[in-house]
Amino acid sequence: METLTTVPQLAVFGIGVPELLLIFGVLILLFGATKLPSLAKGLGQSIKEFKKASQETSEDEAPKPTAAAPKDSNSPSA
Numbered sequence: 001m002e003t004l005t006t007v008p009q010l011a012v013f014g015i016g017v018p019e020l021l022l023i024f025g026v027l028i029l030l031f032g033a034t035k036l037p038s039l040a041k042g043l044g045q046s047i048k049e050f051k052k053a054s055q056e057t058s059e060d061e062a063p064k065p066t067a068a069a070p071k072d073s074n075s076p077s078a
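When we follow full-length UniProt numbering, the leftmost residue of the sequence shown carries the number 1, and every step to the right adds one.
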């Protein structure tokens with residue numbers, strides 16, 4: 001009987017570790033090692049702002065309970 005050994009799945013969106021290393025290497029070649037931390041920081045801040053804006057939008061779309069209209073004491077009664 002054959003036993004199948006499974007390789008741990010470390011893939012994100014179907015991209016494995018070798019592909020991620022290749023992408024990281026290309027990024028270093030394009031932007032340089034000194035610029036990558038600032039690019040990552042900017043990307044992180046952009047994602048944070050996007051999440052914040054999407055939460056505010058979903059809160060704005062939620063129906064808000066309406067308070068009962070106060071009775072006007074100056075209105076004439078019949």
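No residue lacks a Cβ here, since even glycine has one placed at the ideal position from N, Cα and C.
Remember, it's a predicted structure, so these values are computed and weren't measured experimentally.
Can you name the residues that DSSP bridges to residue i?
i      : result
Ile-47 : In DSSP, Ile-47 forms no bridge with anything.
Determine the closest residue to residue i out of the options, with distance taken between C-alpha atoms.
i      : options                : result
Ala-40 : Glu-19, Leu-27, Lys-51 : Leu-27
From residue i to residue j, what does the alpha carbon distance come to, in whole angstroms?
i      : j      : result
Ser-58 : Gln-45 : 20 Å
Gln-55 : Glu-61 : 10 Å
Leu-21 : Lys-48 : 25 Å
Phe-24 : Lys-35 : 13 Å
In three-state terms, what does DSSP make of residue i?
i      : result
Ala-33 : coil
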